[in-house]
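What follows is a single structure, written as structure tokens, with notes after it.
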Amino acid sequence: MSRPIIPRRSVRKPVSMTVQCRTHSGLRDTGEIYDLSPEGCCIQITGMFFKVGGRIVLRPAGLEAFSGVVRWISGDFAGVEFDRPLYGPVVDHLALHNPSKGMPRGF
Numbered sequence: 001m002s003r004p005i006i007p008r009r010s011v012r013k014p015v016s017m018t019v020q021c022r023t024h025s026g027l028r029d030t031g032e033i034y035d036l037s038p039e040g041c042c043i044q045i046t047g048m049f050f051k052v053g054g055r056i057v058l059r060p061a062g063l064e065a066f067s068g069v070v071r072w073i074s075g076d077f078a079g080v081e082f083d084r085p086l087y088g089p090v091v092d093h094l095a096l097h098n099p100s101k102g103m104p105r106g107f
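Quick note on numbering: the sequence shown equals residues 1 to 107 in UniProt numbering.
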């Protein structure tokens with residue numbers, strides 16, 4: 001049985017931001033955020049294993065950490081739903097000051 005497709009609540013903004021990731025078990029790695037909305041983001045981490053439903057903490061360079069749940073995985077990419085939505089103007093600011101360099105191959 002497949003899950004119903006639920007439309008996104010907000011438009012994703014293309015970004016390119018370095019992020020430190022930490023799993024609930026304490027594993028850490030550096031990755032990249034490729035799109036961002038108040039409710040979540042798409043990240044790429046090549047050296048860390050994620051699982052759907054797993055909890056992670058993200059800390060972009062120069063920002064406070066925020067937590068979320070991995071909702072999907074595709075290769076080295078994962079979609080994360082934040083526990084608390086980010087303030088919309090903060091997302092706009094981050095997108096303006098961290099312009100996208102484009103999605104890498106393989107996604």
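Yeah, the Cβ is synthetic: ideal placement off N, Cα and C, and Gly gets one too. Quick caveat, the model's predicted, so the values are computed rather than measured.
Run of the beta strand (DSSP E) containing residue i, from where it starts to where it stops
i, result
"residue 35", "28-37"
"residue 14", "13-23"
"residue 49", "Careful: residue 49 lies outside any beta strand (DSSP E) and carries neither H nor E."
As assigned by DSSP and simplified to three states, the class of residue i
i, result
"residue 62", "coil"
"residue 40", "strand"
"residue 68", "strand"
"residue 88", "helix"
For residue j and residue i, the rounded distance between their alpha carbons
i, j, result
"residue 10", "residue 82", "13 angstroms"
"residue 38", "residue 95", "11 angstroms"
"residue 91", "residue 31", "18 angstroms"
"residue 93", "residue 17", "12 angstroms"
Rounded distance between the beta-carbons of residue j and residue i, thought under 8 angstroms
i, j, result
"residue 100", "residue 19", "Incorrect: roughly 14 angstroms between the Cβ atoms, too far for contact."
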